[in-house]
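One structure is given here, and the rest of the page talks about it.
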Amino acid sequence: MGQVKILSKNGPKGGRRVSFTPQKARELRKKMRETEFFHDTMYHSAIAARLASQDD
(Lines of atoms letter the chains of each structure in order from A and count residues from 1; the text may use other names and numbers.)
(Lines give C-alpha, C1' and ligand atoms only; values in the text may rest on other atoms or scores of the structure.)
Protein backbone atom coordinates (compact mmCIF):
# COMPACT_ATOMS: atom_id res chain seq x y z
CA MET A 1 0.00 0.00 0.00
CA GLY A 2 1.02 3.61 -0.50
CA GLN A 3 1.03 6.56 1.80
CA VAL A 4 -1.87 8.75 2.83
CA LYS A 5 -1.24 12.38 1.88
CA ILE A 6 -2.79 15.31 3.70
CA LEU A 7 -2.61 18.89 2.49
CA SER A 8 -2.25 21.31 5.38
CA LYS A 9 -2.77 25.09 5.16
CA ASN A 10 -0.16 25.76 7.86
CA GLY A 11 2.86 25.91 5.57
CA PRO A 12 4.69 29.13 4.65
CA LYS A 13 3.06 29.26 1.21
CA GLY A 14 -0.38 28.27 2.42
CA GLY A 15 0.06 24.57 1.74
CA ARG A 16 2.29 21.82 3.09
CA ARG A 17 2.18 18.15 2.25
CA VAL A 18 2.23 15.67 5.10
CA SER A 19 2.44 11.94 4.50
CA PHE A 20 1.34 9.12 6.76
CA THR A 21 1.92 5.44 6.26
CA PRO A 22 -1.30 3.39 6.31
CA GLN A 23 -0.39 2.20 9.84
CA LYS A 24 0.10 5.77 11.11
CA ALA A 25 -3.20 6.81 9.48
CA ARG A 26 -5.00 3.96 11.30
CA GLU A 27 -3.40 4.97 14.61
CA LEU A 28 -4.41 8.60 14.08
CA ARG A 29 -8.02 7.63 13.29
CA LYS A 30 -8.12 5.42 16.41
CA LYS A 31 -6.83 8.22 18.64
CA MET A 32 -9.34 10.65 17.15
CA ARG A 33 -12.20 8.23 17.85
CA GLU A 34 -11.03 7.78 21.45
CA THR A 35 -10.92 11.55 21.90
CA GLU A 36 -14.41 11.94 20.41
CA PHE A 37 -15.83 9.28 22.74
CA PHE A 38 -14.15 10.89 25.75
CA HIS A 39 -15.49 14.31 24.76
CA ASP A 40 -19.01 12.97 24.17
CA THR A 41 -19.03 11.19 27.53
CA MET A 42 -17.80 14.24 29.43
CA TYR A 43 -20.19 16.57 27.56
CA HIS A 44 -23.26 14.45 28.26
CA SER A 45 -22.16 13.84 31.84
CA ALA A 46 -21.88 17.60 32.40
CA ILE A 47 -25.36 18.17 30.93
CA ALA A 48 -26.83 15.42 33.13
CA ALA A 49 -25.16 16.91 36.21
CA ARG A 50 -26.56 20.37 35.42
CA LEU A 51 -30.05 19.01 34.85
CA ALA A 52 -29.91 17.01 38.09
CA SER A 53 -28.76 20.00 40.14
CA GLN A 54 -31.20 22.59 38.76
CA ASP A 55 -33.49 24.17 41.33
CA ASP A 56 -37.18 24.10 40.48
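Numbering (the UniProt record's numbering), first residue to last: 1 to 56. Heads up, the beta-carbon is just placed ideally off N, CA and C, and yes, glycines get one too.
Does the distance from the C-beta atom of residue i to that of residue j stay below 8 Å?
i   : j   : result
L28 : F37 : no
Rounded to whole angstroms, what's the CA-CA distance from residue i to residue j? Just pull it up for me.
i          : j   : result
Y43        : R26 : 26 Å
A46        : H39 : 10 Å
A52        : K31 : 31 Å
P22        : A49 : 41 Å
residue 75 : Q54 : Nothing can be reported for residue 75: it is not among the residues displayed for the chain, which extend from 1 to 56.
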